[in-house]
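Below: the structure, in structure tokens.
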Amino acid sequence: LRAAWNGVVYTIRTQPNAWIELAALIVVVGAGIWFRVSVVEWAVLGATMCGVVALEAVNTAIEAVVDLVSPEYHPLAGIAKDAAAGAMIIAVIGSIVVAAAIFGPRLYALL
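Be aware that the sequence shown starts at 121, since it is given in our numbering, and climbs by one per residue.
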């Protein structure tokens, strides 16, 4: 458990994208409270938020391992890093879709 927590702390401390993701998480939680989302919507939002932050940690781990085993540039190292970053983009886009589905109608109703 201590090693896992160290990984979380390292990711949050060293990855600027994790800071952005945590800021978005705070906004989403605030919006969820404000709009009184349902229990099922909280479950979807929670799973989505945890998924994005967890994938950021996996991306950080992949980058660290690639840097360890391939300190010089290698095309395969680049592919590994790019694919991990691509997975993050997919997760972030998915989280935007989830947020739009849950908050979009509520925001539209305010207009």
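All residues carry an ideal CB built from backbone N, CA and C; glycine is no exception.
Where residue i and residue j are concerned, what is the direct C-alpha to C-alpha distance, given to the nearest angstrom?
{"i": "E192", "j": "V186", "result": "10 Å"}
{"i": "E141", "j": "A181", "result": "17 Å"}
{"i": "A220", "j": "I146", "result": "16 Å"}
{"i": "A200", "j": "N137", "result": "18 Å"}
Taking the Cβ atom as the reference point for each residue, do residue i and residue j lie within a distance shorter than 8 Å?
{"i": "L175", "j": "I222", "result": "no"}
{"i": "A177", "j": "G127", "result": "yes"}
{"i": "A197", "j": "S190", "result": "yes"}
For residue i, I'd like the list of residues in its chain whose CB is within less than 7 Å of its CB, leaving aside the five on either flank, ordered along the chain.
{"i": "V148", "result": "L165, M169 and A219"}
{"i": "V212", "result": "V172"}
{"i": "W162", "result": "G152"}
Could you pull out every residue in the same chain whose Cβ sits closer than 8 Å to the Cβ of residue i, ignoring the five residues on either side in sequence?
{"i": "Y130", "result": "T180"}
Can you list, in chain order, the residues of its chain whose CB lies under 6 Å from that of residue i, leaving out five sequence neighbours each side?
{"i": "R226", "result": "F155"}
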